[in-house]
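Numbering (the working numbering), first residue to last: 1294 to 1747.
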Ligand code: ADP
């Protein structure tokens, strides 16, 4: 499987898992929303029925006699109710009167039972298939063959006069039962509508999730892909860098083998072998250092470092090289001592790289100046030269590993191409910033800003 296929495969898997998890969460959410909607509507219906039944109960109870023919009493109290076994007119507005503003009269019906749970009277709109016996449960759902559902609520009625009797130790006798029924057509319709919305909305949401999963997984894979490509580029660069001195080494060894002539020639060839060997060794040391800097970003072993001493030592160390190249190397270090917290040998290596480059890329009679100063929070080290300079588009790239502005020429100067990459890794570890300002033909300034010690 090539790299592209591998990343595409991983992207598909990532998108699949992302979409699956999202689908699972969406399903749970939809079920939760659906359940709570149904529950709240059901609760509202029950509340409404209880309140209607309560109102009817409170207004009926005082009027109910303790004895006497209940049918006659009901006829007088509710002239619009139909009595069992008697002809019934169909123009009732009783329920409407009691439920004004709540529902239309076809939604509710009312039934009255005696205390033996036999039907006494009913409102004219009650469904005809209902049983004439009262069930024991106060809440009942009735399913009719035509598919219509009714919710029934029954409460006990007491004779109003029984409250006034002197013996309060006995509860008032049951007079009968009042039952309120409600057509669930509207409720069922609303539930069906919610189900429809969820059923249609779910695939749409899932499609959107799948599309966004694909996009997001692409975004997530992008930095990994780039880093993978950088690694590949790095491996290619390392191979290239190692190959050149190795080829040279082998060629020299072959030449030595074939050699029959003077010791002077042998010496020259051995010098070449040594030079290439050192180059290889430097390259490997730099690579190891870079790797360890990138792997270990711990600041545990940081100690206070005096930057004045560091600059003075470095200036002294590079003076000889500067003189040999006829370059004027100066330093400009302020009198007060400036301290930072860090790894001294790493900071030494960082600034040494900058000075070595400045001397490397400045022609004869040029100038290199190293300055140390500070503002309120940071120490500022500047390495300024009057050298060849770096063009704007190259300035961001010179911190990449093995990047060289003029690769052939710079390779010949002996640099590994890792100097600035190492400097920038050290700066990063010290939470410092390393930037460059440069003009082609005029020179460059490398600026390191590092935290002062608290
Ligand atoms: P090298 O080992 O090639 O010097 P570096 O990482 O130290 O590698 O530098 C990368 C490239 O940046 C160099 O090859 C050079 O082209 C450019 N460069 C670095 N410092 C300077 C400078 N002071 N003036 C001009 N060019 C520079």
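No residue lacks a Cβ here, since even glycine has one placed at the ideal position from N, Cα and C.
{"Check": "When 1315, 1328 and 1468 are compared against residue 1409, the one with the closest alpha-carbon", "Outcome": "1468"}
{"Check": "Distance, residue 1721 Cα to residue 1585 Cα", "Outcome": "13 Å"}
{"Check": "Given residue 1355 as reference, the closest of 1450, 1679 and 1421 once Cα atoms are compared", "Outcome": "1450"}
{"Check": "Whether residue 1423 touches residue 1434 by CB criterion (8 Å)", "Outcome": "no"}
{"Check": "beta-carbon residue 1530 near the ligand ADP non-hydrogen atom, thresh 7 Å", "Outcome": "no"}
{"Check": "N-terminal and C-terminal residue of the beta strand (DSSP E) that residue 1373 is part of", "Outcome": "Careful: residue 1373 lies outside any beta strand (DSSP E) and carries neither H nor E."}
{"Check": "Pairwise C-alpha distance: residue 1665 and residue 1599", "Outcome": "11 Å"}
{"Check": "Local Cβ density within 10 Å of residue 1387, reported as buried at 16 or more and exposed below that", "Outcome": "With a pLDDT of 48 at residue 1387, under the threshold of 50, the predicted position of this residue should be treated as unreliable, and no value is reported."}
{"Check": "Meets three-Cβ-pair contact criterion under 8 Å: the region 1604-1614 and the region 1622-1636", "Outcome": "yes"}
{"Check": "Alpha-carbon spacing of residue 1395 relative to residue 1344, whole angstroms", "Outcome": "Low per-residue confidence applies at residue 1395: pLDDT is 41, beneath 50, and the placement is therefore not dependable, though the value from the model is reported in the following sentence. Approximately 11 Å, taken between the alpha carbons."}
{"Check": "Residue nearest to residue 1680 in terms of C-alpha spacing, selected from 1532, 1699, 1652 and 1669", "Outcome": "1652"}
{"Check": "Segment contact, 8 Å Cβ cut-off, at least three pairs: the region 1505-1515 with the region 1527-1543", "Outcome": "no"}
{"Check": "Inter-residue Cα distance where the pair is residue 1353 and residue 1342", "Outcome": "16 Å"}
{"Check": "Beta-carbon spacing of residue 1594, residue 1636 below 8 Å", "Outcome": "yes"}
{"Check": "Selected residue, minimal CA-CA separation from residue 1708, among 1659, 1649 and 1657", "Outcome": "1649"}
{"Check": "Residue 1311 - DSSP class collapsed to helix/strand/coil", "Outcome": "helix"}
{"Check": "Under 8 Å between C-beta atoms of residue 1734 and residue 1682", "Outcome": "yes"}
{"Check": "Selected residue, minimal CA-CA separation from residue 1401, among 1427, 1478 and 1371", "Outcome": "1478"}
{"Check": "Collapsed DSSP secondary structure at residue 1445 in the structure displayed", "Outcome": "strand"}
{"Check": "Burial state of residue 1490, where buried means 16 or more other Cβ atoms lie within 10 Å", "Outcome": "exposed"}
{"Check": "Secondary structure of residue 1451, DSSP reduced to three states", "Outcome": "strand"}
{"Check": "Rounded C-alpha distance that separates residue 1546 from residue 1565", "Outcome": "10 Å"}
{"Check": "Cβ-heavy atom distance, residue 1708 to the ligand ADP, below 7 Å", "Outcome": "yes"}
{"Check": "Bounding residues of the alpha helix (DSSP H) (the contiguous stretch that carries residue 1743)", "Outcome": "Here residue 1743 belongs to no alpha helix (DSSP H); instead the beta strand (DSSP E) covers 1736-1744."}
{"Check": "Neighbourhood of residue 1612 by C-beta distance below 7 Å, restricted to the same chain and skipping five residues each side", "Outcome": "1622"}
{"Check": "Residue from 1523, 1642 and 1562 with nearest C-alpha to residue 1582", "Outcome": "1642"}
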